[in-house]
Amino acid sequence: MKEAFVSLVTALADDELIIGHRHSEWTGFAPHIEEDVAFSSIAQDEIGHASAFYSLIAEATDTTPDRMALGREPGDYRHAVLCERPNRDWSYSLVRHWLYDTADDVRLEALQESAHAGLAALATKIRREERYHLLHANAWIKRVSEGPVEGRTRLIDALGRCYLEALALFDSLELEDSILENDLLPCSSSELRSRFAKRATSELDDFGLPADIHRDLDDSAEFLASSSGDLIASDQGAPTTSSRSGIGGRAGEHSDDFKPLWDEMTSTHRQHPDAQW
Amino acid sequence: MEVYEIFRRSGHKSPFEHCGAVIAPDPEMALLLGKECFLRRREGEHLWVVRRSDIHALEDESVLEIAADKSYRFASDYRDVVGKREAARRRVASMSSGGAS
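Read top to bottom, the protein sequences are chains A and B. Counting from 1, one number per residue, gives the positions in the first sequence under the numbering used here. Counting from 1001, one number per residue, gives the positions in the second sequence under the numbering used here.
Okay, structure coming up:
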């Protein structure tokens, strides 16, 4: 039961920490000063949520939030690969922000029903703050998608890169059977994935963006998202290891993009482990 | 993009006060950006944005200058009225007693 709880909350916390870290890389570089402040604040919020989740783990086990966030080896992190991808252009970061926060909303809504009272209460609290993130993401996507064709093209390109990796946010968690048996999560990851895919494709449709997204053929993706939210196996043949590169984060299998982020993020902690700030 | 002036209020009985400006494409975006720029540390519980071009300003600020002594318009000028009245009474009394001698 405790192991299942730690598995679930570690995945949640690691997602928030790593995407918060990537968002924070825009500080000083966002398109204009107002957005710089807004996006940096969103990054801080995500890291704050990670800290709250790690604190729940620290209450249940013999660790500290700092050690959870910064004192583990790269293979111990359980975030989805989507979160660790480097920022490309602004539209990539916007699309990832939109997909991630839409997925997070689906997940937090379910977590509000968790049998673990502390986790359910935290999900409710975090979801209140996430409302602003969703408003912000939606406002941007709407404007860029209605704007000049270059912006639209870039959004579509970013969706092609991000969409399948966003579905992997709902890959099965370690000890998922035990998580479900104990009602820590009221429904399975694959059920949440269907809800997310249904919502994302319908909202993308409202933006006039393509809701049937697949990767470029040379990326030979093995799944296509359909507007019903189901995954359809594509006819690209058997998946190769490289085509699965966006998947596996929940099992600690990260892309080459993670190690440099981890090096930077943990460098101070590794020099001064257990320092008090 | 246009300039939007941001107003916030600290409590529901307080007046909205100007706190800064953002550059935004429309009011909705100005509200979203204004919130993060000026209210992210609980500085207020409500937010207005106003397009700067919708604000009408005096063309000539010099009409606000006060040329003559208008101290009678300030409450502070009426401080110690009792003391002043007593001093005036004494002055009048001394003038009338001086006239009798």
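Glycine included, every Cβ here is placed at the ideal spot set by N, Cα and C.
Count Cβ pairs between the region 195 to 207 of chain A and the region 113 to 129 of chain A that sit closer than 8 Å; are there 3 or more?
In the pairwise beta carbon analysis, the region 195 to 207 of chain A is classified as not touching the region 113 to 129 of chain A: fewer than three pairs are separated by under 8 Å.
Closer than 9 Å, Cβ to Cβ, to anything on chain B: give me those residues from the region 199 to 212 of chain A, in chain order.
Within the region 199 to 212 of chain A, no residue qualifies.
Give a yes or no on whether the C-beta atoms belonging to P1027(B) and V1049(B) are separated by under 7 Å.
Contact: yes.
Going by DSSP in three states, G1083(B) sits in which element: helix, strand or coil?
Residue state, collapsed to three classes: helix.
Residue from M265(A), S145(A), L8(A), R270(A) whose Cα sits closest to the Cα of Y92(A)
When only C-alpha atoms are compared, the closest one is S145(A).
Between the region 20 to 32 of chain A and the region 108 to 118 of chain A, can you find at least three pairs of beta-carbon atoms closer than 8 Å?
In this structure the region 108 to 118 of chain A does not lie against the region 20 to 32 of chain A, because fewer than three pairs of beta carbons, one per stretch, are closer than 8 Å.
With distances taken between CB atoms, is the gap from P74(A) to W277(A) smaller than 7 Å?
No, Cβ-Cβ distance for P74(A) and W277(A) is not below 7 Å.
N-terminal and C-terminal residue of the alpha helix (DSSP H) that C1037(B) is part of
Looking at the DSSP string, the run of the alpha helix (DSSP H) that includes C1037(B) is 1027 to 1038.
Note down, in chain order, each residue of its chain lying with its Cβ closer than 7 Å to the Cβ of H49(A), except the 5 sequence neighbours on either side.
So the list reads E16, I126, once near-sequence residues are dropped.
Helix, strand or coil: how does DSSP classify G48(A) here?
The answer is helix: DSSP assigns G48(A) an H, G or I state.
Residue from A1087(B), L1032(B), L1047(B) with nearest C-alpha to C1019(B):
When only C-alpha atoms are compared, the closest one is L1047(B).
Give me, in chain order, the residues of the same chain whose beta-carbon lies closer than 6 Å to that of S1010(B); leave out the 5 immediate sequence neighbours on both sides.
Excluding residues within five positions, the ones whose Cβ falls inside 6 Å are G1044.
List, in chain order, every chain B residue whose beta-carbon is nearer than 9 Å to that of L122(A).
Those do not exist, as L122(A) stays about 20 Å from chain B at its closest Cβ, beyond 9 Å.
Have a look at D257(A) and H1056(B) and give me their C-alpha separation to the nearest angstrom.
So the alpha carbons of these two residues sit roughly 53 Å apart.
Since G249(A) and A80(A) should fall inside the 8 Å C-beta cutoff, what is the C-beta to C-beta distance between them, to a whole number of angstroms?
Cβ atoms of G249(A) and A80(A) come within 8 Å of each other, at about 4 Å.
Nearest chain A C-beta to C1019(B) closer than 7 Å, yes or no?
Taking a beta-carbon distance threshold of 7 Å, C1019(B) does not count as an interface residue toward chain A.
Whose C-beta lies closer than 8 Å to the C-beta of P94(A) among residues of the same chain, with five residues either side of it excluded?
One point to set straight first is that residue 94(A) is Leu, not Pro, in the sequence displayed. Counting only Cβ-Cβ distances below 8 Å, and skipping sequence neighbours, we find A137, W140, I141, V144, L155, A158.
Please confirm whether E34(A) has its beta-carbon closer than 7 Å to some beta-carbon of chain B.
At least one beta carbon of chain B lies nearer than 7 Å to the beta carbon of E34(A).
Provide the residue span of the alpha helix (DSSP H) that contains Y92(A), from first to last.
Note, Y92(A): alpha helix (DSSP H), 90 to 111.
Cβ shell of A1021(B) (< 8 Å), same chain only, five flanking positions each side left out:
Correct list, in chain order: V1003, Y1004, E1005, I1006, R1052.
I'd like to know if L1032(B) contacts chain E, where contact means its C-beta is closer than 7 Å to some C-beta of that chain.
Absent here is chain E; the protein component of the structure consists of chains A and B.
Between which two residues does the beta strand (DSSP E) carrying H1046(B) extend?
Looking at the DSSP string, the run of the beta strand (DSSP E) that includes H1046(B) is 1046 to 1051.
Does R1009(B) come out as helix, strand or coil in the three-state DSSP assignment?
In this structure, R1009(B) counts as strand in the three-state DSSP scheme.
Whose C-beta lies closer than 6 Å to the C-beta of Q112(A) among residues of the same chain, with five residues either side of it excluded?
Here the set comprises A120, A123, T124.
Terminal residues of the beta strand (DSSP E) in which E1017(B) lies
It spans 1017 to 1024 - the beta strand (DSSP E) in which E1017(B) sits, taken as one unbroken run.
Could you please give the first and the last residue of the uninterrupted alpha helix (DSSP H) stretch that includes S202(A)?
For S202(A), the uninterrupted alpha helix (DSSP H) segment begins and ends at 189 to 206.
Would you mind giving the Cβ-Cβ distance between E3(A) and L175(A), rounded to the nearest angstrom? I have them listed as a contact below 8 Å.
Yes, they are in contact, since the Cβ atoms of E3(A) and L175(A) sit about 6 Å apart, within 8 Å.
Delimiting residues of the alpha helix (DSSP H) encompassing D1000(B)
The structure shown does not extend to residue 1000(B), since chain B spans only 1001 to 1101, so no value can be given for it.
Kindly indicate the opening and closing residues of the alpha helix (DSSP H) around V81(A).
Counting along the chain, the unbroken alpha helix (DSSP H) around V81(A) starts and ends at 81 to 84.
Thinking C83(A) and I33(A) are a contact (beta carbons under 8 Å), I'd like their distance in whole angstroms, please.
Actually they are not in contact, since the Cβ atoms of C83(A) and I33(A) sit about 26 Å apart, beyond 8 Å.
So S301(A) packs on E1036(B), CB below 8 Å; how close in whole Å?
For chain A, the structure presents residues 1 to 277; residue 301(A) sits outside this window and is missing.
Residue-chain proximity (R1073(B), chain A), Cβ-Cβ < 7 Å
Closer than 7 Å: no.
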